[in-house]
Amino acid sequence: MFGVERSGEVALIRLDNPPVNAVSFAHWRLLPGILAGLEQEGVGALVFTGQPGRHFCGGNDFREFARLSPEETLAGTAAVRDGLRAVRESRIPAVAAIHGAAMGSGFMLACACDIRLATPDAKLGLPEVKVGAIGGYRIASEVLGQGEARRMVLTGDPISGARAHRIGLVQELAEDGAAVLQRALEMGAGIAALVQGRLREGLKPCMNAQDEGDLWPAYDLERELAARVMGQAALRD
125 MFGVERSGEV ALIRLDNPPV NAVSFAHWRL LPGILAGLEQ EGVGALVFTG QPGRHFCGGN
185 DFREFARLSP EETLAGTAAV RDGLRAVRES RIPAVAAIHG AAMGSGFMLA CACDIRLATP
245 DAKLGLPEVK VGAIGGYRIA SEVLGQGEAR RMVLTGDPIS GARAHRIGLV QELAEDGAAV
305 LQRALEMGAG IAALVQGRLR EGLKPCMNAQ DEGDLWPAYD LERELAARVM GQAALRD
């Protein structure tokens with residue numbers, strides 16, 4: 125499901141499960157280990173894509189939920205959580221190259237990435253409420269305003285890539301899936317070239333910690349990292 129290809133210091137992770145690149149609980153359980161291995165290899169950036177398929181990721185297969193008890197559902201959604209957390213907390217910056225549908229846990233995966241690129245006609249959403257389920261509000265509200273995240277959860281209606289760009293969920297648009305992927309790879313290579321050494325080890329963890337803290341204590345974390353990577357400290361590398 126998660127195929128990994130290397131392009132220099134960029135790891136391209138392909139979601140490959142036609143027709144909609146749905147991700148099972150078993151697949152989600154594999155993702156933390158994949159990312160841990162890429163960290164050990166010193167990868168500088170990740171790019172997630174559903175190319176050459178029609179969609180980025182259609183989310184979990186809801187038929188899998190229908191067979192599960194509440195206890196099994198809790199265990200399965202823990203696998204989704206752990207996969208998303210591995211992306212969010214990895215020290216490797218991640219770019220989502222979105223085309224077609226990014227729905228449910230596929231949309232959550234895009235939200236767990238640091239940067240999102242999309243086609244104007246991509247469809248992003250949390251349709252769980254339409255099948256009597258729930259999921260995705262907290263991670264969506266990390267990258268959206270509360271009102272936008274609640275609208276997605278409460279209505280189940282998707283938004284287009286163009287609207288996602290207007291509201292800041294998506295950082296750039298490109299005309300089609302191939303162009304989105306190409307731009308994501310270029311961006312990943314640029315990040316990998318810029319973020320090196322101690323900065324690579326500490327920059328994304330520092331930003332994550334700042335996002336979780338109050339303003340001035342969070343700013344002190346940034347100052348501490350700067351002291352470790354700038355000036356005379358940088359000369360010791």
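With the first letter of the sequence shown counted as 1, position 64 gets the number 188 in our numbering; the numbers rise by one all the way through. The C-beta atom is built at its ideal place from N, Cα and C for all residues, glycine as well.
Q | Reduced DSSP secondary structure (H/G/I, E/B, other) of phenylalanine 180 | A | In the sequence shown, residue 180 corresponds to position 56, counting from 1. Coil.
Q: Along the alpha helix (DSSP H) that carries glycine 207, what are the first and last residues, could you check?
A: Here residue 207 is taken as the residue at index 83 of the sequence shown, counted from 1. Residues 194 to 213.
**Q.** Closest Cα partner of alanine 308 within the set Thr197, Ala246, Asp185 and Thr173
**A.** By one-based count along the sequence shown, residue 308 stands at place 184. Closest option to alanine 308, Cα to Cα, is Thr173.
Q. Assuming leucine 293 and leucine 268 make a contact with CB atoms under 8 Å, what is their CB distance in whole Å?
A. The sequence position of residue 293 within the sequence shown is 169, counting from 1. The sequence position of residue 268 within the sequence shown is 144, counting from 1. That pair is a contact at about 6 Å.
(Q) I'd like to confirm the pairing. Which residues does DSSP put opposite phenylalanine 126 in its beta bridges? (A) Residue 126 sits at position 2 when you count from the first residue of the sequence shown. Looking at the DSSP assignment, phenylalanine 126 forms a beta bridge with Leu139.
Q | Distance between beta carbons of alanine 313 and valine 204, contact taken as under 8 Å | A | Your numbering for residue 204 matches position 80 in the sequence shown. Your numbering for residue 313 matches position 189 in the sequence shown. In fact, because the Cβ distance is near 29 Å, the residues do not count as touching under 8 Å.
Q) According to the Cβ coordinates, are valine 219 and valine 171 closer than 7 Å? A) Position 95 of the sequence shown, counted from the first residue, corresponds to residue 219. Position 47 of the sequence shown, counted from the first residue, corresponds to residue 171. Yes, the Cβ-Cβ distance between valine 219 and valine 171 is below 7 Å.
Q.
For arginine 352, which residues in the same chain have their Cβ closer than 8 Å to its Cβ, ignoring the five residues on either side in sequence?
A. Stepping through the sequence shown from its first residue, residue 352 is reached at position 228. These residues qualify, in order along the chain: Arg322 and Gly326.
Q.
So if DSSP puts glycine 249 in a beta bridge, which residue, or which two residues, is it bridged to?
A. Within the sequence shown, numbered from 1, the residue matching residue 249 stands at position 125. Answer is Met227, bridged to glycine 249.
Q | Distance between isoleucine 315 and cysteine 181 (C-alpha atoms, nearest Å) | A | Position 57 of the sequence shown, counted from the start, is the residue given in the question as residue 181. Position 191 of the sequence shown, counted from the start, is the residue given in the question as residue 315. Each residue's Cα considered, the two are about 24 Å apart.
Q | Extent of the continuous beta strand (DSSP E) run through isoleucine 239 | A | Indexing the sequence shown from 1 puts residue 239 at position 115. Isoleucine 239 -> beta strand (DSSP E) spans 239 to 242.
Q. So what does DSSP say about serine 131, is it helix, strand or coil?
A. The count along the sequence shown starts at 1 and reaches residue 131 at position 7. Residue state, collapsed to three classes: strand.
Q. By Cβ distance below 6 Å, which residues in the same chain neighbour glycine 260 in space, the five residues on each side in sequence not counted?
A. For the purposes of this step, residue 260 is taken as the residue at position 136 of the sequence shown. Within the same chain, glycine 260 has close Cβ partners Met232 and Leu250.
Q: Assign proline 217 to one of two classes, buried (16 or more other C-beta atoms within 10 Å of its C-beta) or exposed (fewer than that).
A: Reading the sequence shown from its first residue, position 93 is the one you call residue 217. By the neighbour-count rule (16 or more Cβ atoms within 10 Å), proline 217 is buried.
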